[in-house]
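Below: the structure, in structure tokens.
Chains as they are written, first to last, in this note's numbering: chain A, -4 to 357; chain B, -14 to 236.
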């Protein structure tokens, strides 16, 4: 079978198109999807590309089904994924919860749209709480937040590897702007770059003969006793905490002497990066800190940045009304730095918004 | 205690026996028919058994076949995803009337329309038994449940769902659809076996509803239990093959 990508190719693509190419490059076998804006073109590109490379697609009856079919497919040992947004992400919390409980290596791309409810179809960063801690569990998930089109390609590939290596449900969170915007990037075959592709392993339909050379696999997802579940959840957490240091990612710039650290994730980080540069040019010691993983959260790294800089203030800039800020508060509890917000739910943030807010705060 | 183990299908998982269903429950009879069918078709190693929530969840380690569990109503999409991902597997979904006809009805209907190559076995005992005996889509007119304490009023709660008849209407040729009853074991086993064969041959969607008993929630003694099954349920829900690619249906 011909590889979808050979060598490194320059591309000028929308974020959604990149997701489809990255899933191909990551050797994803099958996508299950249900239409919702702004993720639709992921399916559009996948359905055009997939048959050429013997990959599969099913448009399900709703997002609940899309999530659960992914849960079934990964148990059969195939790399499966879905993509959704907003109310679709709400419906998928049910299968995502099951993936969390059973440690299923599912991958989901979340292209955030405005909320609550149907909100807008355009853009937002309001699915942070839902994607990190949605469902009736403890948030044992891995959530990447991308800020450039190059990162969409890199992190979708990484998400499949992370999911199958560590067996926690893994999410790549973008937004409507990243989904629809076109930008130059390089697409490549990961193996040619020395990036190993994690193999898929089945949980059911195992080789061998039951009762002869193996026991049947009995995957349990509901427990009779409180104590049984307690052990399961503690084991989930133990495993999660063990892998967290290997998974956690962040980006930090100019924090060594920062009076104020601008904290952001996703596409807003582009504005934060520009704003911090301009502030520095104006003689204001601003620093930049970005969460690439929202789960696990780079808490110690942020505490270290606060400590070494001696920053008096943090400015959390996000297109939601404090979802990242709440995560920050809980993760760095006890720090005396003042936490301020530039909170614009469902609205884009540009560099001068951050620049002006920093000037006002100092 | 006797050391003699009663005869059971090879595909049953002995360490989980005796099973956990209530005395008089029909689930054990349905699962015996399924076990014998798996044995006779020699598909123990390729079969994946997926169970729903409700009393059916107690079957999660019933078989010596690879087995999985999910949420209420979601067994159908889990098995569909599994089958689509690896068509070599023989995927059997096991659910109750609530899981299949109510909370999971959109999955059942659309999987049937798409003619998904899975086998679903739905146990109809006319109530939500695990949660304490509430109204089910299959509760008979006038039947008392915890949420219809004065009996099912068809003006308020509608008529019982006739699942196989609906599925036969919406499936293309190649689908296998039947209704069995635990009162006719050999016939039920034949239907379940055909529903498995139909998947193995790749013909299409395969569905068997099994009329079953729930003396715990019906609050019936053995005589009343059997009477309710044979006299009332079987006269409302016609037993037989409704659609079969294996020639003329057995009534």
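C-beta: ideal position from N, C-alpha, C; glycine also. In this text the structure is predicted, and so the values were computed from the model without any measurement.
*Leaving out the 5 sequence neighbours to the left and right, which residues in its chain are closer than 8 Å to residue 320 (chain A) when beta-carbon positions are compared?*
Looking up residue 320 (chain A) in the first chain gives position 325. For residue 320 (chain A), where only same-chain residues beyond five positions count, the Cβ hits under 8 Å are 311, 313, 334, 336 and 338.
*To which residues does DSSP link residue 112 (chain B) through a beta bridge?*
As a working note, residue 112 (chain B) is residue 127 in the second chain. Residue 112 (chain B) pairs with B:120.
*Please report how far the alpha carbon of residue 41 (chain B) lies from the alpha carbon of residue 23 (chain B), in whole angstroms.*
Sequence index remark: in the second chain, residue 41 (chain B) carries index 56 (1-based). Sequence index remark: in the second chain, residue 23 (chain B) carries index 38 (1-based). Between residue 41 (chain B) and residue 23 (chain B), the C-alpha separation is close to 18 Å.
*Buried or exposed: where does residue 110 (chain B) fall if 16 or more other Cβ atoms within 10 Å of its Cβ makes it buried?*
Indexing the second chain from 1 puts residue 110 (chain B) at position 125. When all chains shown are included, residue 110 (chain B) counts as buried.
_Please report the straight-line C-alpha distance between residue 108 (chain A) and residue 115 (chain A), rounded to a whole angstrom._
The residue you call residue 108 (chain A) lines up with position 113 of the first chain. The residue you call residue 115 (chain A) lines up with position 120 of the first chain. For residue 108 (chain A) and residue 115 (chain A), the distance between alpha carbons rounds to 6 Å.
*Note down, in chain order, each residue of its chain lying with its Cβ closer than 6 Å to the Cβ of residue 7 (chain B), except the 5 sequence neighbours on either side.*
Locating residue 7 (chain B) in the second chain gives position 22, counting from the first residue. If we look at residue 7 (chain B) and ignore the five residues flanking it on each side, its Cβ neighbours are 201.
_residue 178 (chain B) at chain A interface by Cβ criterion, 9 Å_ = The residue labelled residue 178 (chain B) in the question sits at position 193 within the second chain. Cβ-Cβ to chain A under 9 Å: no for residue 178 (chain B).
*Who pairs with residue 51 (chain B) in a beta bridge, going by DSSP?*
Translated into the one-based positions of the second chain, residue 51 (chain B) becomes position 66. DSSP lists B:33 as partners of residue 51 (chain B).
*asked:* Going residue by residue through the region 127 to 156 of chain A, where are the continuous alpha helix (DSSP H) segments of at least 4 residues, counting only ones entirely within it?
replied: none
*First and last residue of the uninterrupted alpha helix (DSSP H) at residue 62 (chain A)*: As a first step, residue 62 (chain A) must be located in the first chain, where it is residue number 67. Its alpha helix (DSSP H) spans residues 58 to 70.
*Mind checking if residue 304 (chain A) is an interface residue toward chain B, Cβ cutoff 9 Å exclusive?*
For the purposes of this step, residue 304 (chain A) is taken as residue 309 along the first chain, with counting starting at 1. No, its Cβ sits nowhere closer than 9 Å to a Cβ of chain B.
*residue 54 (chain A) lies in the beta strand (DSSP E); which residues open and close that run?*
As a working mapping, residue 54 (chain A) is identified with position 59 in the first chain. Where residue 54 (chain A) is concerned, the enclosing beta strand (DSSP E) stretches over 51 to 54.
_I'd like to confirm the pairing. Which residues does DSSP put opposite residue 282 (chain A) in its beta bridges?_
For the purposes of this step, residue 282 (chain A) is identified with residue 287 of the first chain, where counting begins at 1. Residue 282 (chain A) is bridged to A:256.
*the region 41 to 58 of chain B: which residues have C-beta closer than 8 Å to a C-beta of chain A, in chain order?*
42, 45, 46, 48, 49, 50, 51, 52, 53, 54, 55 and 56
*asked:* Using 8 Å as the cut-off, can you tell me whether the region 80 to 90 of chain B makes contact with the region 119 to 128 of chain B, which would need three or more C-beta pairs spanning the two stretches below that distance?
replied: yes
*What do you get for residue 189 (chain B), buried or exposed, if any count of 16 or more other CB atoms within 10 angstroms of its CB means buried?*
By 1-based counting over the second chain, the position of residue 189 (chain B) is 204. It is buried - the Cβ of residue 189 (chain B) has at least 16 other Cβ atoms within 10 Å.
*Beta-carbon neighbours of residue 163 (chain A), restricted to chain B and to distances below 8 Å*: Counted from its first residue, the first chain places residue 163 (chain A) at position 168. In chain order: nothing, as chain B lies at least about 18 Å away.
*Since residue 125 (chain A) meets chain B, which of its residues come closer than 7 Å, beta carbon to beta carbon?*
The residue you call residue 125 (chain A) lines up with position 130 of the first chain. Near residue 125 (chain A) there are no residues of chain B at all, since even the closest Cβ is about 18 Å away, more than 7 Å.
*Compare the C-alpha of residue 355 (chain A) against each of A:323, A:309, A:330 and A:327 and name the closest.*
Along the first chain, one-based indexing puts residue 355 (chain A) at 360. That would be A:309, whose Cα lies nearest to the Cα of residue 355 (chain A).
*Residues of the region 87 to 115 of chain A with a CB closer than 9 Å to any CB of chain B: list them in chain order, please.*
89, 90, 92, 93 and 97
*Short CB-CB distance (under 9 Å) between residue 215 (chain A) and chain B*: To locate residue 215 (chain A), count along the first chain from 1; it is residue 220. Yes, because at least one Cβ of chain B sits closer than 9 Å to the Cβ of residue 215 (chain A).
*Nearest-angstrom Cα separation, counted from residue 114 (chain B) out to residue 205 (chain B)*: Mapped onto the second chain, residue 205 (chain B) falls at position 220. Mapped onto the second chain, residue 114 (chain B) falls at position 129. Between residue 205 (chain B) and residue 114 (chain B), the C-alpha separation is close to 14 Å.
*Interface positions of the region 173 to 200 of chain B facing chain A (Cβ-Cβ less than 9 Å), listed along the chain*: none
_Is the beta carbon of residue 79 (chain B) closer than 9 Å to that of residue 10 (chain B)?_
In the second chain, residue 10 (chain B) corresponds to position 25, counting from 1. In the second chain, residue 79 (chain B) corresponds to position 94, counting from 1. Contact flag unset, no.
*Using a Cβ-Cβ cut-off of 6 Å (strictly less than) and excluding sequence neighbours within five positions of residue 90 (chain A), which residues of its own chain qualify?*
Numbered from its first residue, the first chain carries residue 90 (chain A) at position 95. If we look at residue 90 (chain A) and ignore the five residues flanking it on each side, its Cβ neighbours are 62, 63 and 66.
_Own chain, CB closer than 7 Å to residue 187 (chain B), minus 5 neighbours either side, in chain order_ = Counting from 1 along the second chain, the entry for residue 187 (chain B) is found at position 202. So the qualifying residues of the chain are 102.
*Roughly how many angstroms lie between the CA atoms of residue 323 (chain A) and residue 294 (chain A), to the nearest whole one?*
To locate residue 323 (chain A), count along the first chain from 1; it is residue 328. To locate residue 294 (chain A), count along the first chain from 1; it is residue 299. Answer to the nearest angstrom: the Cα atoms are 8 Å apart.
*Please list the partners that residue 199 (chain A) has in chain B, where partner means a Cβ-to-Cβ separation under 8 Å.*
As a working note, residue 199 (chain A) is residue 204 in the first chain. The answer, in chain order, is 33, 51, 52, 53, 67 and 74.
*Exposed or buried, residue 153 (chain A), counting other C-beta atoms within 10 Å across all chains shown (16 or more means buried)?*
For the purposes of this step, residue 153 (chain A) is taken as the residue at position 158 of the first chain. It is buried - the Cβ of residue 153 (chain A) has at least 16 other Cβ atoms within 10 Å.
*Cβ of residue 204 (chain A) within 9 Å of any chain B Cβ*: Position 209 of the first chain holds residue 204 (chain A). So yes, residue 204 (chain A) belongs to the interface.
*Keeping to the same chain, check which residues put their C-beta closer than 8 Å to that of residue 245 (chain A); ignore five residues upstream and five downstream.*
On the first chain, position 250 is the one that residue 245 (chain A) refers to. If we look at residue 245 (chain A) and ignore the five residues flanking it on each side, its Cβ neighbours are 284, 285, 286, 287, 288, 293, 296 and 297.
*asked:* Can you tell me whether residue 95 (chain A) is buried or exposed? The criterion is at least 16 other CB atoms within 10 Å of its CB, across all chains shown.
replied: Position 100 of the first chain holds residue 95 (chain A). The residue is buried, with at least 16 neighbouring Cβ atoms inside 10 Å.
*Compare the C-beta of residue 32 (chain A) against all C-beta atoms of chain B and say whether one is closer than 9 Å.*
The sequence position of residue 32 (chain A) within the first chain is 37, counting from 1. Output row for residue 32 (chain A): interface = no.
*Sorted by chain position, which residues of the same chain lie with C-beta nearer than 8 Å to residue 75 (chain B)'s C-beta, five sequence neighbours on each side aside?*
Counted from its first residue, the second chain places residue 75 (chain B) at position 90. Excluding sequence neighbours, residue 75 (chain B) sits near 28, 31, 32, 33, 104, 181, 184 and 185.
_Less than 7 Å between C-beta atoms, sequence neighbours within five positions excluded: which residues of the same chain meet that for residue 196 (chain A)?_
Here residue 196 (chain A) is taken as the residue at index 201 of the first chain, counted from 1. Answer for residue 196 (chain A): 72, listed in chain order.
_Neighbouring residues, chain A, relative to residue 162 (chain B) (Cβ below 7 Å)_ = For the purposes of this step, residue 162 (chain B) is taken as the residue at position 177 of the second chain. Here the premise fails: no neighbours, minimum Cβ distance about 19 Å.
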